[in-house]
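S.K.: First, the structure itself, so that you have it in front of you.
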Amino acid sequence: MIKALNIAKSYRMGKAKLEVLRGVNFAVEKGQFAAIVGASGSGKSTLLHILGALDQPDSGVVYFENEPLNQFKRSRLNRYRNKTVGFVFQFYHLLDELTVLENVLAPAMASVGTIGWIRVKNKMTRRAKGLLEQFGLSERLVHKPYELSGGERQRTALARALINEPALLLADEPTGNLDSKTGHGILEVLSSLNRQGQTIIMVTHDERIAAGANRTIRLVDGKAVG
Ligand SMILES: Nc1ncnc2c1ncn2[C@@H]1O[C@H](COP(=O)(O)OP(=O)(O)O)[C@@H](O)[C@H]1O
Ligand SMILES: [Mg+2]
């Protein structure tokens with residue numbers, strides 16, 4: 089489904105050059121749940137952002153279903169970011185002014201525009217409520233994110249990532265800000281989604297969390313192993 093070919097990325101810090109990724113190669117097939125593991129600072133977030141087209145590599149190419157992302161036109165790229173891929177972040181990145189339900193609907197609204205929204209609003213609202221119910225949040229629809237626990241926030245973020253039925257779910261340390269029990273709850277939700285067919289790439293520095301995936305890719309010295 090997605091393939092990284094010789095991905096390199098460095099950051100310039102004054103005169104020094106920090107080589108974060110030095111030729112990363114791997115492929116993830118449809119239906120897999122892959123964990124990318126590496127120490128803090130090893131380039132996991134950088135790599136995940138490149139896979140999600142939120143950032144660009146200095147060299148190398150990401151292929152999605154055999155098509156190179158670097159050749160996507162602007163509209164195709166926007167569609168890739170908004171629909172093809174769903175993103176979950178360590179710190180949730182929910183909008184505090186919006187309710188839980190509105191947060192989940194935001195990417196759906198963004199993908200169709202105002203006129204289109206009138207047409208699909210009811211259907212998407214049903215879908216959002218269905219996801220929130222699946223994640224045990226039916227009683228939280230009109231809560232604001234700051235009224236939720238960490239685990240509830242991350243489950244809301246997960247519902248938001250899934251609203252546009254992404255082919256690929258990218259999760260950057262989704263359990264990183266949660267206590268161990270709550271973190272394993274999120275991992276259980278991810279595993280269950282994967283069993284239903286969702287392809288997932290999850291980044292983590294925690295081997296115990298990585299063990300919940302069905303495959304591990306290690307980032308060591310800027311390269312992928314495994
Ligand atoms: N925009 C940036 N400018 C400079 N250095 C950065 C930038 N983003 C990340 N880095 C550095 O690159 C390295 C890898 O970062 P990151 O991909 O966030 O690692 P990880 O997610 O594995 O902890 C770190 O040393 C970080 O400080
Ligand atoms: Mg990171």
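If you want the working numbering, it's the 1-based position in the sequence shown plus 88. Just so it is clear, CB atoms sit at the ideal spot from N, CA and C, and this is done for glycine as well. All values reported here derive from a predicted model rather than from experimental measurement.
(1) Please state the DSSP three-state secondary structure of V230.
(2) Just reading off the alpha helix (DSSP H) that M197 is part of, what are its end residues?
(3) According to DSSP, what are the bridge partners of L258?
(4) Hey, V173 and G119 are a contact pair by Cβ (cut 8 Å); roughly how many whole angstroms apart?
(5) Does the segment 286–302 come into contact with the segment 252–259, if we say contact requires no fewer than three beta-carbon pairs (one atom in each stretch) closer than 8 Å?
(6) For A216, which residues of its own chain have a beta-carbon under 8 Å away from its beta-carbon, when the five flanking residues on both sides are left out?
(7) Can you look up S237 in the DSSP assignment and give me helix, strand or coil?
(8) Can you look up A245 in the DSSP assignment and give me helix, strand or coil?
(9) Can you check which of these residues, S128, Y151 and K209, is closest to I315 by C-alpha distance?
(10) Decide if P145 is buried, meaning its Cβ has at least 16 other Cβ atoms within 10 Å, or exposed.
(11) Heavy atom of ligand 2 less than 7 Å from the Cβ of D260, yes or no?
(12) State yes or no: is the C-beta of A298 within less than 8 Å of the C-beta of A123?
(13) What is the rounded straight-line gap between the Cα of F121 and the Cα of G224?
(14) Any heavy atom of ligand 2 closer than 7 Å to the CB of S147?
M.R.: In short:
(1) Along the sequence shown, one-based indexing puts residue 230 at 142. Looking at V230 - three-state DSSP - the assignment turns out to be coil, as it is neither helix nor strand.
(2) For this step, residue 197 is matched to residue 109 along the sequence shown. Element bounds for M197: V188 to Q222.
(3) What you label residue 258 is simply residue 170 of the sequence shown in a count that begins at 1. Partner(s): F175 and I289.
(4) Position 85 of the sequence shown holds residue 173. Position 31 of the sequence shown holds residue 119. The pair is not a contact, with the Cβ atoms about 16 Å apart (cut-off 8 Å).
(5) yes
(6) Looking up residue 216 in the sequence shown gives position 128. The answer, listed in chain order, is L189, V192, L193, A196, A247 and I251.
(7) Taking the first residue of the sequence shown as 1, we reach residue 237 at position 149. Coil.
(8) Position 157 of the sequence shown holds residue 245. The answer is helix: DSSP assigns A245 an H, G or I state.
(9) What the structure shows of the chain is the stretch from 89 to 314, and residue 315 is not part of that stretch, so it cannot be assessed.
(10) Counting from one through the sequence shown, the residue named residue 145 turns up at place 57. P145 is buried by the Cβ-count criterion.
(11) Numbered from 1 along the sequence shown, position 172 holds the residue referred to as residue 260. Yes; taking the cut-off as 7 Å, the Cβ of D260 has a heavy atom of ligand 2 nearer than that.
(12) One-based indexing of the sequence shown puts residue 298 at position 210. One-based indexing of the sequence shown puts residue 123 at position 35. Yes.
(13) Position 33 of the sequence shown holds residue 121. Position 136 of the sequence shown holds residue 224. Each residue's alpha carbon lies about 22 Å from the other.
(14) As a working mapping, residue 147 is identified with position 59 in the sequence shown. Because no heavy atom of ligand 2 lies under 7 Å away, the Cβ of S147 does not count as near it: no.
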